[in-house]
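>
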Amino acid sequence: MELADLRTLSMFETHAQAILPPDVWAFAYGGSSSEATLERNRHALQHLAIEQRVLMNVRNVDTTAQFLDLTLASPLIVAPMGGMYRFHPDGDVEMARGATRSGGMSVVSGVAGWPLEEIGTAASGPLMFQLYWLGDRDWVAEKLQHVVAGGFKAFCLTVDTAAYSRRDRDIMLRTPGQRRGGPVPAPELRDTQSGLSWDDVDWVRTQIPLPFGLKGILTAADARLAIQHGVDFIWVSNHGGRQLDDGRATIDALSEIVEAVQGRVPIIVDSGFRRGTDAIKALALGATLVAYGRAPLWGLACGGADGVLSVLRLLNDELVIGMKLAGRTVARSLQADMIRRVDVSGFAGPAPVTQLSPAQQEVVRAVTRDPALSEVEKMWGITEALFGADVQQGERR
Ligand code: FNR
């Protein structure tokens, strides 16, 4: 299947699953142990509905975001992910290339498999670096020199990895000796993350003159401490449900953190965000930027940088369409009162993926590539191809 044939977010996910080896899919898709945190992220988002206002003249929508001294065209960014070489031969480089073309920002994993300078050169927009503390202070200081040389705009320390969680899907399918992530330091230095404390935050803060934040904050208490220790931003994350099992959903923790932070520093949030409307909820509740992990990863697997860009475009389209239909025009001014807590019994679940026969796929391909057809005509061409030419004109709404 070619990239142009992947027209919805669920098609990207389904195709990525079909082409990736099962162990690679499991490594990315799964969460820790019982996967309660993974599921809770999605359920908590589904418990929130967006209030619909009409007749608000929403012709022009402004999605720009202000993060530190960066003005981004989009508040949607890509979260750091290790092991990208397993999803594309030029993993981290292609991810940075595609993500920075979308108008947002990309965050490069501390265990990226390519030299940071090479990733920096591929990017056409701002990059942040994510640090895992995988050695002694000399190791960290040396790593950070490469961050400066790579032209990164900011860096964050991931702090929700005091232990490496047990990820059951991954464990079940892993073959002995398989390597995870990029180059790592000597074995005796790998457990240094469990010994980290706020003193280390103070120290790392002094190492390079770049804006610095903590990724993996989930309580108001830790957000307050982070600000006392001089962070420039806070990243609300549970690692996409991959670390603490049976933890809270990030969207549930967001409001109390926003209240504790009182606008003193910007807030990034991630974990469980799959659609553009999910970002509307987070922005309205006070996030400055919303990071996506697995969604752009499926794009990378399906089509490298172009696949990442396609997924981010779909997410950004959904953000804009969702804002228009909710009667809002400025993404950075969305307010919490547009979000309502709702009962989710009867929720339809993820969007269905239609399995097309080869003949139907052929028709869809022909229709979508016909330059003479408008977007609406293409949509109806596809509908007729799938459900028969007897779709009545009157049903077209
Ligand atoms: C991650 N995540 C992660 N986080 C981090 O700080 N450093 C890393 O190297 C990685 N590696 C990684 C690999 C893979 C395959 C995944 C899926 C995730 C967590 C990531 O930054 C982010 O917090 C979550 O992925 C966000 O959740 P969603 O959008 O994937 O649900």
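For what it's worth, the working numbering labels the leading residue of the sequence shown as 2, then goes sequentially.
Built from N, CA and C at the ideal position, the CB exists for glycine as well.
1. Work out the CA separation of T9 and T159 for me, nearest whole Å.
2. Taking the beta strand (DSSP E) that V1 belongs to, which residues open and close that run?
3. For my contact list, L46 and C303 are in at a C-beta cut-off of 8 Å; report their separation, rounded to the angstrom.
4. Regarding Q131 and the ligand FNR, is the C-beta to nearest heavy atom distance less than 7 Å?
5. Ordered along the chain, which non-local residues of its own chain (more than five positions away) have a Cβ less than 6 Å from that of R1?
6. Taking the alpha carbon of L56 as the reference point, which residue from Q244, G328, G382, T251 has its own alpha carbon closest?
7. For R170, report the span of its beta strand (DSSP E) as first-last.
8. Rounded to the nearest angstrom, how far is the Cβ of D169 from that of S34, given a contact under 8 Å?
9. Short of 6 Å in beta carbon distance, which residues of its chain neighbour W299, apart from the five on each side in sequence? Order them along the chain.
10. With a cut-off of 8 Å on the beta carbons, I'd call T251 and V266 a contact; round off their distance for me.
11. So who's on the other strand from K216, going by DSSP bridges?
12. Please classify G264: is it buried, with 16 or more other beta-carbons within 10 angstroms of its beta-carbon, or exposed?
13. V343: buried (16+ other C-beta within 10 angstroms of its C-beta) or exposed?
14. Thinking D63 and V364 are a contact (beta carbons under 8 Å), I'd like their distance in whole angstroms, please.
15. Mapping DSSP to helix, strand and coil, what is R342?
16. How many Å lie between Q146 and P116 at the Cα?
17. State buried or exposed for Q244, treating a residue as buried only when at least 16 other CB atoms are found within 10 Å of its CB.
18. On the DSSP bridge assignment, give the partners of D63 in chain order.
19. Would the beta-carbon of L320 be found less than 7 Å away from any heavy atom of the ligand FNR?
20. Does the beta-carbon of M173 have 16 or more other beta-carbons within 10 angstroms, so that it is buried, or is it exposed?
21. Any heavy atom of the ligand FNR within a distance shorter than 7 Å of the CB on Y293?
22. I need the straight-line Cα distance from A280 to Q131, nearest angstrom please.
23. For D233, is the classification buried or exposed, using 16 other Cβ atoms within 10 angstroms of its Cβ as the cut-off for buried?
24. Tell me, which residues are paired with S107 by DSSP?
25. Report the residue from G83, Q208, T162, V79 whose alpha carbon sits nearest the alpha carbon of V312.
26. Measure the alpha-carbon distance for Q194 versus W236 and round it to whole angstroms.
27. Are the beta-carbon atoms belonging to A100 and P297 less than 8 Å from one another?
28. Output the boundary residues of the beta strand (DSSP E) element that contains V270.
29. Rounded to whole angstroms, what is the Cα-Cα separation between S198 and L69?
Reading from the atomic positions:
1. Cα-Cα distance, rounded: 31 Å.
2. It is not possible to answer for residue 1, since the shown part of the chain is limited to 2 through 398.
3. The pair is not a contact, with the Cβ atoms about 24 Å apart (cut-off 8 Å).
4. Q131: yes, Cβ under 7 Å from the ligand FNR.
5. Past the boundaries of the shown model lies residue 1; the chain is included only from 2 to 398, so the question cannot be answered.
6. Closest option to L56, Cα to Cα, is G328.
7. Boundaries for R170: no beta strand (DSSP E) harbours it, while the alpha helix (DSSP H) harbouring it runs 169–174, taken from the DSSP string.
8. About 6 Å separates the beta carbon of D169 from that of S34, a gap short enough to meet the 8 Å contact definition.
9. Contacts found: F13, E14, A17.
10. Not confirmed; about 17 Å, so no contact.
11. Paired residues: T159, W236.
12. The residue in question, G264, is exposed, as its Cβ has fewer than 16 Cβ neighbours within 10 Å.
13. In summary, V343 is exposed, with fewer than 16 beta-carbon neighbours lying within 10 Å of its beta-carbon over all protein chains present.
14. Your pair D63 and V364 does not check out as a contact, with CB atoms roughly 38 Å apart and the cut at 8 Å.
15. Residue state for R342 is assigned as strand, using DSSP reduced to three classes.
16. So the two alpha carbons sit approximately 12 Å from each other.
17. Q244 comes out buried.
18. For D63, the beta-bridge partners assigned by DSSP are V331.
19. No, Cβ of L320 sits at least 7 Å from all heavy atoms of the ligand FNR.
20. Taking all protein chains in view, the Cβ of M173 is surrounded by fewer than 16 other Cβ atoms within 10 Å, so the residue is classified as exposed.
21. Yes, since a heavy atom of the ligand FNR falls inside the 7 Å radius drawn around the Cβ of Y293.
22. Answer to the nearest angstrom: the Cα atoms are 21 Å apart.
23. Under this definition D233 is a buried residue.
24. V79, L128.
25. With distances taken between CA atoms, V312 lies nearest to V79 out of G83, Q208, T162, V79.
26. Roughly 18 Å between the two C-alpha positions.
27. For A100 and P297, yes; Cβs fall inside 8 Å.
28. Per DSSP, V270 belongs to the beta strand (DSSP E) from 268–270.
29. Going from the Cα of S198 to the Cα of L69 covers about 25 Å.
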